[in-house]
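Chemist:
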Ligand code: UFG
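Numbering (my numbering), first residue to last: 81 to 407.
1. Does residue 125 pass the burial test, meaning 16 or more other C-beta atoms within 10 Å, or should it be called exposed?
2. Can you give me the start and stop residues for the beta strand (DSSP E) that residue 46 sits inside?
3. Could you pull the DSSP bridge partners for residue 304 from this structure?
4. Which residues does DSSP pair with residue 226 in a beta bridge?
5. Which residue marks the beginning of the alpha helix (DSSP H) containing residue 401, and which one marks its end?
6. For residue 297, name the three-state secondary structure that DSSP assigns.
7. Taking 8 Å as the threshold (C-beta atoms), are residue 319 and residue 191 in contact?
8. Alpha carbon to alpha carbon, how far is residue 276 from residue 341?
9. In the structure shown, what three-state DSSP assignment does residue 326 receive?
10. With the cut-off set at 8 Å, would you say residue 436 and residue 358 are in Cβ contact?
11. Alpha carbon to alpha carbon, how far is residue 111 from residue 294?
12. Looking at residue 343 and the ligand UFG, is the gap between the Cβ and the nearest heavy atom below 7 Å?
13. Residue 373 lies in the alpha helix (DSSP H); which residues open and close that run?
14. Near the ligand UFG, which residues have their beta-carbon less than 6 Å from any of its heavy atoms, given in chain order?
15. Run the proximity test for residue 383: is its beta-carbon closer than 7 Å to any non-hydrogen atom belonging to the ligand ATP?
16. Going by the beta-carbon positions, is the gap between residue 328 and residue 247 smaller than 8 Å?
17. Pick from 215, 223, 128: whose alpha carbon is nearest that of residue 157?
18. How far does the beta strand (DSSP E) with residue 110 in it reach, from first residue to last?
19. Leaving out the 5 sequence neighbours to the left and right, which residues in its chain are closer than 7 Å to residue 310 when beta-carbon positions are compared?
20. With residue 276 as the anchor, note down where its alpha helix (DSSP H) starts and where it stops.
21. Just the C-alpha distance for residue 362 and residue 162, rounded to the nearest angstrom, thanks.
Set out below in structure tokens:
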């Protein structure tokens, strides 16, 4: 059992990972300033409401709790917002990470799992995407993650900080036992928006049907959040066992178009999704699909929940609960 500090543990992926860590027998402290996360996602006994730039408080906490490793989720994640507020994304995502890394150095914590993204690849020349393909971000959000990955490369060399960057494809779904789910505000992600369209009757917009794909809509690699949580545990345990720094894609290798996802949502819910076709969204690549072989072969990761049906069933169960609670 290890003592793990999770930043952003009140957010979507952070809270599911915290749950998985606790179930695996690890001891977890969560640091979250609740600017985007939700206090109800974390056991209050674990939650420290600290900003990442409060270096003294972080160092004190890491020393007092004898933290063995950090999993760093805390960041802003909206691609569109990052194009309107680039300074916010660089100061929060890069500045926040640098402050955390400084505190880790002062407290002598040498292991880190970092939330990166498929957005580091931008508009890749070929799919499936392998980890050796070049960084080519097309948004401040994507570049903020590239910058942190680069900093981690230098800290591996000069600070003996061992880190694993996990480049997520499209995180989705909810805890299969219904304890947690996706609650972004505002919501921008496809599956929760489709479920909301069913609930409200207000049509959602499909961003473009003239891409070079079989049905003209964009293809993405949808990965269940609990499988994503498991990837963090594989990465963490590798580092705790003395494994080297590295970067891994986290996806399934299977791609679904927006229209295929809509059809799957209709099958699972038994309801029609009201939608209309709109213009393309700037910055969307036609196809983003991972080659995730490295994570399976090097770290032994095995996804369990990432078939589209299970993803939508778990997301729908969570959404129905929210509706029942009037949230
Ligand atoms: N889409 C629509 N209508 C909507 C919302 C989404 O048609 O209202 C489409 C998008 O065009 C895209 C697909 O649904 O083709 C998925 O879109 P999301 O916004 O759910 O996710 P993205 O693929 O844009 O982005 C996700 C993460 C990013 C990450 C990126 C990397 O949200 O943080 O994957 O691939 F950078």
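The beta-carbon is built from N, C-alpha and C at its ideal position, and this holds for glycine as well.
Modeler: To lay it out plainly:
1. Here residue 125 refers to the residue found at position 45 of the chain shown. So residue 125 counts as exposed.
2. The structure shown has nothing for residue 46, since the chain only spans 81 to 407.
3. Mapped onto the chain shown, residue 304 falls at position 224. DSSP output for residue 304 lists 252 as bridge partner(s).
4. Translated into positions along the chain shown, residue 226 becomes position 146. Looking at the DSSP assignment, residue 226 forms no beta bridge with any residue, so it has no partner.
5. Against the chain shown, residue 401 aligns to sequence position 321. Note, residue 401: alpha helix (DSSP H), 388–405.
6. In the chain shown, counting from the first residue as 1, residue 297 sits at position 217. DSSP places residue 297 in coil when its eight states are reduced to three.
7. The residue given as residue 191 occupies position 111 in the chain shown. The residue given as residue 319 occupies position 239 in the chain shown. A contact, by the Cβ cut-off of 8 Å.
8. As a working mapping, residue 276 is identified with position 196 in the chain shown. As a working mapping, residue 341 is identified with position 261 in the chain shown. Near 14 Å, if we compare the C-alpha coordinates of residue 341 and residue 276.
9. By 1-based counting over the chain shown, the position of residue 326 is 246. Three-state DSSP puts residue 326 in a strand.
10. With the chain covering only 81 through 407, there is no way to say anything about residue 436.
11. On the chain shown, residue 111 is found 31 positions in, with the first residue counted as 1. On the chain shown, residue 294 is found 214 positions in, with the first residue counted as 1. Cα-Cα distance, rounded: 44 Å.
12. Residue 343 sits at position 263 when you count from the first residue of the chain shown. Every heavy atom of the ligand UFG is 7 Å or more from the Cβ of residue 343, so no.
13. Residue numbering aside, residue 373 sits at position 293 when the chain shown is read from its first letter. Element bounds for residue 373: 373–379.
14. Cβ atoms closer than 6 Å to the ligand UFG belong to 157, 159, 197, 198, 199, 249, 250, 268, 269, 270, 273, 284, 285, 286, 287, 298, 300, 338, 361, 364, 368.
15. Absent from the structure shown: the ligand ATP. Ligands present: the ligand UFG.
16. Start at 1 with the first residue of the chain shown, and residue 328 comes out as number 248. Start at 1 with the first residue of the chain shown, and residue 247 comes out as number 167. Contact: yes.
17. Indexing the chain shown from 1 puts residue 157 at position 77. Of 215, 223, 128, the residue nearest in Cα terms is 223.
18. Against the chain shown, residue 110 aligns to sequence position 30. Its beta strand (DSSP E) spans residues 107–111.
19. Walking along the chain shown from the start, residue 310 turns up at place 230. The answer, listed in chain order, is 100, 381.
20. The residue given as residue 276 occupies position 196 in the chain shown. Counting along the chain, the alpha helix (DSSP H) containing residue 276 begins and ends at 270–280.
21. The sequence position of residue 362 within the chain shown is 282, counting from 1. The sequence position of residue 162 within the chain shown is 82, counting from 1. The straight-line gap from Cα to Cα measures roughly 13 Å.
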